[in-house]
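This report refers to the structure that appears directly beneath it.
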């Protein structure tokens, strides 16, 4: 086989464990190849797929090289930016280069599975007097529908009608006659499925809820969002004002024919934002997430590639669309932990991936968040990111977040005092009394707990037995099955469950289930205390789909008085109408998690809880129940001082060299026995410590091995090694990726 002079290709091959390695192939003279194309290549004794990374001009090892077999699809290729982006993900997260590249393609690398959708139309060739005379013959006969079909074309002056509509409206016989007639022909026209509106919610009530704001805050002309830099933060918890901000960005994108991508943490938010704006910009919007069909995603992929779209709402999937150039990127609810994703055995933070996408495209990036976390606050203070406000006329008369927090009366309830009184209820007497006062005034109550279920720690007071999962080293959570009316114990990690009979397996004594309760237990307690009040519970158990979540919000907003009990899922809409009292039922469960971010997360969830109060009301109250009222986080909440919390927390992290003063990566070793897992982790630890004695790795600190949390998960024991410092991409390259190793490089 002959080849063109100096025509060689570096190919990324689909071979497990090849990581970032490329292989050189000769390009045959019959093939016109270019960078980014998918090709078939011989690899060892078999054929496999590959992607051309670069084209070379010289190679002195020609006798040892093989030829590219064929181009899979000449129209399917990755751009230079996409290859660069995929390489960054691959090297940063120690994952297979080809596997990352595959994510950029619409459905499959096989050309047979990437097709354009066509619709058949019945088209009239000409409408002369002969045609009119022909169809009149069928009038009031058995073939009257042929007359009606011809009349449809004549009266409406249509040139074509969908064949499926012809069959449904005029019958198969009339359709067959038209197809065989000289006056008609059937044609196929490509159809873009991504223009179909996806109706997930009935948004009429929600649009009414937001209408006054949106009408007042927007003119027909796009508004300037003010001074901005390459990285900006928009701090706002209320959904209406976030929509106001997004509409400014969308108006500018449509007017300037530019591209805006709004990333969302979950499917619910993604569809809500998309559907809210679709009617105003039907030809400019698209949506992508794991709930959109493959056919829709394929057509959207083509629209993006051909630059026929202005705005995309999506989860992290949107980062892998074939963008030519992105002008603006917004990350909705930036501090939501749902952005943490995984590629095979590697966990990564998709927010960092989105930031890299922004850098490659030189896009303006907006972090949209209710309460910025500690790292974002530090960047804001050091002017690495900038705070933006849009529509100053609107925001000037609205109370700031600081003013809204100061307006709320904060109360700390010491639950130790409740125990001394012999009270074991989840909700204290003081809080119940305050709820009763609010209900009397026909106002609403918001109760927050970040645990679901009836009891998340079930133990026997007599023999001290703790109920744990058979497959995992975690506590079983007590739930009530509303369908069958019985209690059961469930593991939230592996799904193991068993029926709960309320008696200890060992000493046969009754178990106390009234402590350590989650949303279900709080709901049952409130239902007994306030039987004539509308009580809503919002968690993943009672909400089976995204429409249920939306409908519950609207019901809560429209029924007074009401009590809503929820976890983090319930904080998405910010300030809620007629809420005069909010409470965090169990902050201690968040503060005591084995994670260096637990204080930051607990503080932000408490502040968001405070902000759910309706700031338009004359009196607002917030209650926080705790067993540790002297904790510095709780004191910061009580005094409404974000500045004090930031100062205390940043000081602690600096002393312990925790982010943002270093980076932490985690390697988890899995094995069927505890001793084997600890042994493997110990061997890897010695290997890594030895590596850190040489440059450029001598600034890294390797810690461990420690029992991971949880120690046992799905019958696999886990020990982990922590690495502090800026981790070079090459540091982990000699660790073989296997089923018994998990990398968490954005811990």
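Residue numbers (the numbering used here): 237 to 983. Where is the CB? At the ideal position from N, CA and C, for every residue including glycine. Computed from a predicted structure; not experimentally measured.
- In this structure residue 624 touches residue 470 by the C-beta definition: roughly 5 Å separates them, less than 8 Å.
- For residue 263, the enclosing beta strand (DSSP E) starts and ends at 258 to 264.
- Here residue 774 carries a strand assignment [DSSP, helix/strand/coil].
- Taking a 10 Å sphere around the C-beta of residue 610, we find 16 or more other C-beta atoms and assign the residue as buried.
- Put simply, the backbone Cα of residue 397 is about 16 Å away from that of residue 416.
- Closest in alpha carbon position to residue 761, among 472, 667 and 735, is 667.
- Within the segment 546 to 634, the alpha helix (DSSP H) runs of at least 4 residues that lie entirely inside it are, in chain order, 586 to 597, 610 to 617 and 628 to 632.
- The beta-bridge partner set that DSSP reports for residue 861 consists of 649.
- In terms of Cβ geometry, residue 271 and residue 291 form a close pair [threshold 8 Å].
- Distances from the CA of residue 962 to each of 895, 877, 301 and 478 were compared; the closest alpha carbon is that of 895.
- One alpha carbon belongs to residue 532, the other to residue 538, and they sit about 10 Å apart.
- Residue 593 places its beta carbon less than 8 Å from that of residue 321.
- Secondary structure note for residue 522: its beta strand (DSSP E) is the uninterrupted segment 521 to 524.
- Inter-residue distance for residue 544 and residue 493 is about 9 Å (C-alpha atoms, whole angstroms).
- Partner residues in a beta bridge of residue 666, as assigned by DSSP, do not exist.
- Per the C-alpha coordinates, the member of 959, 756 and 501 positioned closest to residue 920 is 959.
- As computed with DSSP, residue 468 is found in a beta bridge with 602 and 622.
- Per DSSP, the unbroken beta strand (DSSP E) holding residue 820 starts and ends at 815 to 820.
- Where residue 824 is concerned, the enclosing alpha helix (DSSP H) starts and stops at 824 to 827.
- Rounded to the nearest angstrom, the gap between the Cα atoms of residue 678 and residue 807 is 22 Å.
- Residue 911 counts as exposed, since fewer than 16 other beta carbons sit within 10 angstroms of its beta carbon.
- Looking at the DSSP output, residue 276 bridges to 285 and 306.
- With a contact defined as Cβ atoms closer than 8 Å, residue 662 and residue 758 qualify at about 5 Å.
- By the neighbour-count criterion, in which 16 or more other beta carbons inside 10 Å mark a residue as buried, residue 311 falls on the exposed side.
- Here residue 318 carries a helix assignment [DSSP, helix/strand/coil].
- Residue pairing for residue 943: DSSP places it in a beta bridge opposite 955.
- Sequence-distant partners of residue 556 (beyond 5 residues in either direction) whose C-beta falls short of 7 Å from its own C-beta, in its chain, are 339 and 340.
- Contact check for residue 924 and residue 957: beta-carbon distance about 7 Å, within the 8 Å limit, so the pair qualifies.
- Cβ contact annotation for residue 384 (same chain, cutoff 8 Å, sequence separation greater than five): 406 and 410, in chain order.
- The continuous alpha helix (DSSP H) containing residue 400 extends over residues 399 to 416.
- Residue burial annotation: residue 502 is buried, with at least 16 other C-beta atoms found within 10 angstroms of its C-beta.
- Looking only at 615, 597 and 506, the smallest Cα-Cα distance to residue 567 is reached by 506.
- Distance from the Cα of residue 949 is smallest, within the candidate group 852, 756, 665 and 730, for 730.
- As far as DSSP is concerned, residue 934 takes part in no beta bridge.
- In the three-state scheme derived from DSSP, where H, G and I count as helix and E and B as strand, residue 904 is classed as strand.
- Taking the CA atoms as reference points, residue 804 sits about 12 Å from residue 754.
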